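One structure is given here, and the rest of the page talks about it.
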Amino acid sequence: MAISLITASHLYRVERHRGINFFLPAFSCLWLQEEDVGQDKLIADLVPGEEEDDTPRVEMVTEEGVLIPEENRENECPDPLKQLIRCFQRAATSEESQAQPIHDDSFQFWPIRYPGDDPILEKSRVRPFVMLNSPPYIRFADVMAQSIHIEEEDGDDGDDVEIDQAQKEEQSQALRAEQGVLADRGAAIMCLMYLSASNGEPNDMVAKTLELGIHLLSGGNVDIQRMLIEYLQLKKDVRFFTSMAGLMNKCSVLNLEMFERQIKAEGLGMGAELAAGDNQNLNDADFTCSLFRFLQLTCEGHNLDFQNYLRTQPGHTTSVNLINCTVDYLLRLQESVMDFYWHYSSKRSL
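Read in full-length UniProt numbering, the sequence shown has 262 at position 262, and its numbers run on one by one without any break.
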């Protein structure tokens, strides 16, 4: 028995169970972050050796309204990544039906209901639970984004044009494959669901969702763009557009009065305390860039259908013009910059 224990394959060494570590705060803080365990490889470990279809299609689950990619369901083994994403989708759907803030830091549990369940047996049946805005979703959204390796936008040297062209084509194919692994399992639709459920309130959940959406759409993935617009047109999700408009309205701009106050505070040795405040000038610059980058990638490649749909949503009870919302923010930003310009233009030194 002692020999069998020594030669046994321990659970923590099995690649498929690497995801368990993300639920353990001690391992997360003391091991996973200190030691580079290859978090970007977790998704590949969950779905090894599968060839993805280049043209993902969408079907609808009637009772819950959760859209997932269509796949052959005959003689299939359970897909752990697909099950995980579907749990997160149902968490967002439950939040919409209950109208509770998904950005609450406290843990909230909702039962997962499957189509065809008998209402009489619901009380006696044990079901899994999901948590709204819980660390697992935020962590796994980050891991999913890391699994898609975006090409760095660096300048190309003139001597390596031919080599770079070949590498660029290779990287483009690899990027499409990585994006397809997540999109075919509903990750792209999950991003829209969580943005809709945010109710226009910026938080960590929205930031990670935008980051995941940027990675999925990077490079102008036409298939994922089509998947998103088909979901929005079929579901007629007004909350997505109202939430995006609310997020834009809450993006900060430069504040001359606060800037002058900070300069005076730094002279008195209190600049660090003021700089750490939430109302600091453009303290949410990264979030603002991610928000508009996500919208830009939905229309990448001159996608006229998505551009027009962001402007007006035919068939919706309420139409939100996100183009006007974008222009309004740019005008606010320009006005704040001009305040700085006219204030300091007459001064010889700053």
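We put the beta carbon where it would ideally sit given N, CA and C, even for glycine. Values in this document were obtained by computation on a predicted structure and should not be read as measured data.
Please report how far the alpha carbon of residue i lies from the alpha carbon of residue j, in whole angstroms.
i	j	result
His149	Lys264	44 Å
Ile224	Asp142	19 Å
Arg311	Glu266	44 Å
Leu46	Glu178	13 Å
residue 394	Tyr309	Nothing in the structure corresponds to residue 394, since the chain is present only between 1 and 350.
Asn249	Glu169	39 Å
Lys41	Leu333	40 Å
Thr298	Gly220	8 Å
Asn303	Ser218	14 Å
Leu84	Leu295	26 Å
Gly269	Met258	16 Å
Can you tell me the Cβ-Cβ gap for residue i and residue j, rounded? I've got them flagged as a contact below 8 Å.
i	j	result
Glu211	Ser290	6 Å
Phe292	Thr242	Rounded, the Cβ-Cβ distance is 17 Å, inconsistent with contact.
Gln313	Met193	Wrong, their Cβ atoms sit about 17 Å apart, outside the cutoff.
Lys82	Gly186	7 Å
Phe240	Leu232	6 Å
Leu228	Ala188	6 Å
Val238	Thr318	5 Å
According to DSSP, is residue i helix, strand or coil?
i	result
Arg293	helix
Gln313	coil
Thr318	coil
Lys208	helix
Lys347	coil
His149	coil
Ser252	coil
Cys87	helix
Asp284	coil
Asn324	helix
Using the rule of at least 16 other Cβ atoms within 10 Å of the residue's Cβ for burial, across every protein chain shown, is residue i buried or exposed?
i	result
Thr93	buried
Asp164	exposed
Ile3	exposed
Ala174	exposed
Asp305	exposed
Val320	buried
Arg86	buried
Asp118	Bear in mind that the predicted position of Asp118 carries a pLDDT of just 44, short of 50, making it too unreliable to give a figure here.
Ala91	buried
Glu335	exposed
Please tell me whether residue i and residue j are closer than 8 Å, where the distance is taken between their beta carbons.
i	j	result
Leu216	His343	no
Gly200	Ala145	no
Ser198	Met190	no
Leu254	Phe340	yes
Cys251	Asp286	no
Ile43	Leu182	yes
With respect to 7 Å, is the separation between the Cβ of residue i and the closest non-hydrogen atom of the ligand MN below this value?
i	result
Gln313	Ligands in the displayed structure: none, and consequently the ligand MN is not present.
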